[in-house]
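S.K.:
Numbering (this note's numbering), first residue to last: 16 to 143.
(1) On the criterion of 16 or more Cβ atoms from any shown chain inside 10 Å, does residue 117 qualify as buried, or is it exposed?
(2) Can you look up residue 48 in the DSSP assignment and give me helix, strand or coil?
(3) If you draw a straight line from the C-alpha of residue 100 to the C-alpha of residue 52, how long is it?
(4) Where does residue 33 land, buried or exposed, given buried means 16+ other C-beta within 10 angstroms?
(5) Quick one: residues in its chain with C-beta nearer than 7 Å to the C-beta of residue 41, no 5 flanking neighbours on either side, listed in chain order?
(6) Within its chain, find whatever has a CB closer than 6 Å to the CB of residue 35; leave out the 5 residues flanking it on each side and keep chain order.
(7) Is residue 58 buried or exposed, if buried means 16 or more other CB atoms sit within 10 Å of its CB?
(8) What are the boundary residues of the alpha helix (DSSP H) that includes residue 33?
(9) Kindly list the residues whose CB is nearer than 8 Å to the CB of residue 92, restricted to its own chain and excluding five residues on each side of it in sequence; keep chain order.
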């Protein structure tokens, strides 16, 4: 279902993607959305421990990859909606995020620990 979600992203209207992923506005590049969504799976995979942990993000449950890929309550959703819920299980694991800003939550050039992001001590001018 996740693969099908990624496969149809380019076919979806911008407004549909904004609503499905809970984005704060429609000012996003599709490639950025895809990388942002992919980043959720990369990060959750690194923190896929059998116990809850805040190491890779606040509020992640035990086995967060399984939690993201097998949300029992979302089986009836269309592929892009299923993908959005799975991605949201990482970016909004605490349930407190009102909407997502890709530029605030993801930097393409940064590694998974955030060492290269603009807001860290190691950030560089090209990280903007």
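Here a beta-carbon is modelled for each residue, glycine too, at the ideal position from N, C-alpha and C.
Small disclaimer: the values here were computed from a predicted structure and weren't measured.
M.R.: Considering the structure as presented:
(1) By the Cβ-count criterion, residue 117 is buried, with 16 or more other Cβ atoms from all chains shown falling within 10 Å of its own Cβ.
(2) helix
(3) 10 Å
(4) buried
(5) 29, 30, 33
(6) Excluding five sequence positions before and after residue 35, the CB atoms of its chain that fall closer than 6 Å to its own CB belong to 95, 96, 99, given in chain order.
(7) By the 10 Å Cβ count, residue 58 comes out buried.
(8) Where residue 33 is concerned, the enclosing alpha helix (DSSP H) stretches over 29-36.
(9) 100
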